[in-house]
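Protein chains in written order, with this note's numbering: chain A, 13 to 305; chain B, 13 to 305.
Okay, so here's the structure we're looking at.
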């Protein structure tokens, strides 16, 4: 029987837990957590993502600040924005929404974020602590996937996880987290990518298959083992005449053909996406709690 | 036909190249590279490793400084040693030889090393940059293995690499480096460890097998595919009555039975070991060159 890994429902439980913690903090006279987001330019997808994050803050009772800057902002001006957020003690954590305009050196901006406020987990110090299995801010998407697996009670111990994609934001962190000596964790982990030979041989051996390559419906039924857990990280926009907008969002997995073979599968939308935002909220609370200490 | 990946010979070529660069630097009036090593206590293996590093410095024409401290050194005293080396502008890079005594918090010491002098690549900033595929100091053992593969002209593109071991010092970095979009690199990478189920199924599919688990002769012929490249990172001391000392060093691979099946294999000793030291020398030169700029 196929069960749905319901990211929407799970993220709502996390948000409820967070709301209670915030209420408890306020009752104890402690500070309300405060997340800031830097949005550069007018990319509609970025605007939508930042909008979702601001709304999530409001649902869980966090303060939020949106710092909106034009596409024409210079590198040094953007660095100054980051510096101000680093120094602003009312802000516990902040993110710089990617992608940034072409003339901006992304890496320099991400490295300017104070690691203790880097709730996206993109600073090298946080990436390094993750690789070294030390406490740190985990990137929100992999963190959300680990929560989803954990809260569904899926046993990962000794299982073979195959990850499609080697990005810094999803593929690489997922490989590190799934092979950790932890629960969930302790998987044997294989990372596949565009240069992998005999891809289907690898994917069809996976007890847990994570698709993070950004190609609509790439994973088909013949690539998946019976009883696999399938995690779909893709968010691809494809034409759909039945929709008013003429398009809809879909994952990297051909859900219709793959789902019947799975023990668990995430839908798109409503799977990994909402978990990413819930994880960002959890990181922001942690940043706030660390500042109390 | 089995060919030997001769780490001894390869490390000597690297040392020759380094000597020429040093001579050229001196001719141009530039500074001689300078490595320092902090040795705590009287662990004979640590003394031997540090001794090898000091001798390598002398062979390639680097200055070296050995900072020798008693086992009884306190955390704050050791932190002060690190701070002094950070500030000492004549020293380009330094290492703190592990393991440290039980009463010392290793991680705090390693994180106190200035990332620009961290030629062992153990600071979270360097580990993070490695995970993010950014320029950094790579840990010496994985860096040495990549050089050995590169200089032997072994094609890794699209190949399946299986790594036994998930340590921060070898297994994890090897997984990151072999899957990079680089040459060598672009492997499909599987990481196995103590919790892996059906281990032989994984290892016997490896085009490239890296053994880094610290168990003498663990990898036997039945675990290896015909034609595989086998890299043995193990350094295990086993009894041997034919030796004056009553013991000898051996790897994680049962060389005698495995070698005939391999296209390439590293011996122990004379394989990965000398490459580790050559890589440390390369990192020290890089640290010195960066300081020129």
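Glycine is no exception: its CB is placed at the ideal position from the N, C-alpha and C atoms.
Small disclaimer: the values here were computed from a predicted structure and weren't measured.
Just measuring C-alpha positions, the residue of A/152, A/203, A/289 and A/231 sitting nearest residue 270 of chain A is A/231. Excluding its 5 nearest sequence neighbours in each direction, residue 203 of chain B has C-beta neighbours in its own chain below 7 Å: 175, 178, 183 and 187, listed in chain order. When the five nearest sequence neighbours on each side are left out, the beta carbons in the same chain lying within less than 6 Å of the beta carbon of residue 68 of chain B are those of 289 and 293, in order along the chain.
Just so you know, the alpha carbons of residue 36 of chain B and residue 42 of chain B end up roughly 9 Å apart. Partner residues in the beta bridge of residue 221 of chain A, as assigned by DSSP, are A/174 and A/242. Taking the Cβ atoms as the reference, residue 223 of chain B lies roughly 6 Å from residue 246 of chain B, within the contact range of under 8 Å. Contact with chain A is found for residue 141 of chain B, since one of that chain's Cβ atoms lies less than 9 Å from the residue's Cβ. Contact annotation: the segment 73-93 of chain A touches the segment 45-56 of chain A, with at least three C-beta pairs closer than 8 Å.
Here residue 48 of chain B is bridged, per DSSP, to B/77 and B/106. Bridge partners of residue 248 of chain B according to DSSP: B/262.
Neighbours of residue 119 of chain A in chain B, taken as residues whose beta carbon is under 9 Å from its own, are 144 and 146 in chain order. Per the coordinates, the alpha-carbon of residue 135 of chain B lies some 13 Å from the alpha-carbon of residue 152 of chain B.
Between the beta-carbon of residue 277 of chain B and that of residue 262 of chain B there is about 14 Å, and that puts the pair past the 8 Å contact cut. Just so you know, the alpha carbons of residue 100 of chain B and residue 106 of chain B end up roughly 11 Å apart. Interface criterion met: the Cβ of residue 136 of chain A is under 9 Å from a Cβ in chain B. The beta carbons of residue 170 of chain B and residue 209 of chain A sit closer together than 9 Å. Exposure of residue 13 of chain A is indicated by the presence of fewer than 16 other C-beta atoms within 10 angstroms of its C-beta. Among the residues of chain B, those whose CB is under 8 Å from the CB of residue 180 of chain A are 143, 144 and 145, following chain order. The bridge partners DSSP lists for residue 202 of chain B are A/202 and B/174. For residue 69 of chain A, the uninterrupted alpha helix (DSSP H) run begins and ends at 56-72, by DSSP. In the DSSP assignment, residue 301 of chain A is bridged to no other residue. Under the three-state reduction of DSSP output, residue 234 of chain A falls in the helix class. For residue 198 of chain A, the residues of chain B that pass the 7 Å Cβ criterion are 207, in the order they occur in the chain.
Between residue 201 of chain A and chain B, the shortest Cβ-Cβ separation is below 9 Å. In the three-state reduction of the DSSP assignment, residue 167 of chain A falls in the coil class, being assigned neither a helical nor a strand state. For residue 300 of chain A, not one C-beta of chain B is nearer than 9 Å to its own C-beta. Under DSSP, the beta-bridge partners assigned to residue 130 of chain B are B/106. In this structure residue 154 of chain A is buried. Its beta-carbon is surrounded by 16 or more other beta-carbon atoms within 10 angstroms. Annotation: residue 227 of chain B has no Cβ neighbours in chain A at a cutoff of 8 Å; minimum Cβ distance is about 17 Å. Here residue 126 of chain B is actually not in contact with residue 118 of chain B; their C-beta atoms are around 17 Å apart, not less than 8 Å.
If you check each beta-carbon in the segment 63-75 of chain A against every beta-carbon of chain B, none falls closer than 8 Å.
Closer than 9 Å to the CB of residue 171 of chain A there is at least one CB belonging to chain B. The C-beta distance from residue 109 of chain A to residue 51 of chain A rounds to 5 Å, short enough to meet the 8 Å contact threshold. Separation of residue 164 of chain B and residue 23 of chain B (C-alpha to C-alpha, rounded to the nearest whole angstrom) is 12 Å. For the segment 184-196 of chain A, the set of positions with a beta-carbon nearer than 9 Å to some beta-carbon of chain B reads 184, 185, 187, 188, 191, 192 and 193 in chain order. Using a CB distance cut-off of 9 Å, residue 214 of chain A counts as an interface residue toward chain B.
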